[in-house]
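Residue numbers (my numbering): 3 to 201.
Every residue, glycine too, gets a C-beta built ideally from N, C-alpha and C.
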């Protein structure tokens, strides 16, 4: 059973639809016991990091997610929340403390000539390190991105996308995986990548 944590995800319908197409069994739950006892967990995310962390804390799920030992997949904001802190806080405030599972910080994409912000649309992903879950030729494709922040580089980065500069697109750290793009909205390529992690 795959458990989807709905607390910070407004992309639940597309995720559930993708799992149905992959013929995987899933449930939506905010119950710590159900989450902890799941075979695998998905932490989706759309929105603002500070607001998302406040919701997780209010539901008592911050420590639950930190303690997970099964494969846990963070999508978009869900990936960014896996890091130590994020610059996506109220204007002028200190960086927001995140789940502190993966070392490093989430930073705002700095505007440069030739780009638009947020980074939105289809972009190519290329492997940047060895993965236990897929072969390099399996991940090199186009996926759908919507984000204005990105995580720091490090040995956890397994794939990148080029948006004026290299931006981490997939991270793997112990049993935690993050995808900056939306695999559930990335057609066949996204479904196959989900299959490689969740099947």
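- Put residue 80 into one of helix, strand or coil per three-state DSSP. helix
- Task: Report the option in 170, 15, 30, 139 whose CA atom is closest to the CA atom of residue 147.
- Result: 170
- On the premise that residue 141 lies in contact with residue 129, defined as a C-beta separation below 8 Å, what is that separation, rounded to the nearest angstrom? 5 Å
- CB-CB under 6 Å to residue 12, same chain, minus the five flanking residues each way: which ones, in chain order? 48
- Task: Give me the Cα-Cα distance between residue 76 and residue 179, rounded to the nearest whole angstrom.
- Result: 6 Å
- What whole-angstrom Cβ distance do residue 78 and residue 88 have, given they're in contact under 8 Å? Between residue 88 and residue 78 the Cβ distance is about 13 Å, and since that is not below 8 Å, they are no contact.
- Message: Looking only at its chain, what residues have a beta carbon closer than 7 Å to the beta carbon of residue 133, apart from the 5 residues adjacent to it on each side?
- Response: 160, 174
- Query: To the nearest angstrom, how far is it from the Cα of residue 166 to the Cα of residue 35?
  - Reply: 43 Å
- Item | Simplified DSSP state of residue 92, which is helix, strand or coil | coil
- Query: What residues are listed by DSSP as bridge partners for residue 39?
  - Reply: Looking at the DSSP assignment, residue 39 forms no beta bridge with any residue, so it has no partner.
- Message: Please return the same chain residues whose Cβ sits closer than 8 Å to the Cβ of residue 5, not counting the five positions on each side in sequence.
- Response: 28, 29, 30, 31, 36, 37, 40, 42, 43, 44
- Query: Quick one, are the C-beta atoms of residue 186 and residue 20 less than 8 Å apart?
  - Reply: yes
- Taking the alpha-carbon positions, what's the residue 106 to residue 68 distance? 15 Å
- Inter-residue Cα distance where the pair is residue 85 and residue 151: 12 Å
- Query: For residue 46, is the classification buried or exposed, using 16 other Cβ atoms within 10 angstroms of its Cβ as the cut-off for buried?
  - Reply: buried
- Beta-carbon proximity of residue 127 to residue 183, cut-off 8 Å: yes
- Cβ-based burial, residue 190 [other Cβ within 10 Å; buried from 16]: exposed
- Which value, in whole angstroms, describes the spacing of the CA atoms of residue 172 and residue 61? 27 Å
- Message: On the criterion of 16 or more Cβ atoms from any shown chain inside 10 Å, does residue 181 qualify as buried, or is it exposed?
- Response: buried
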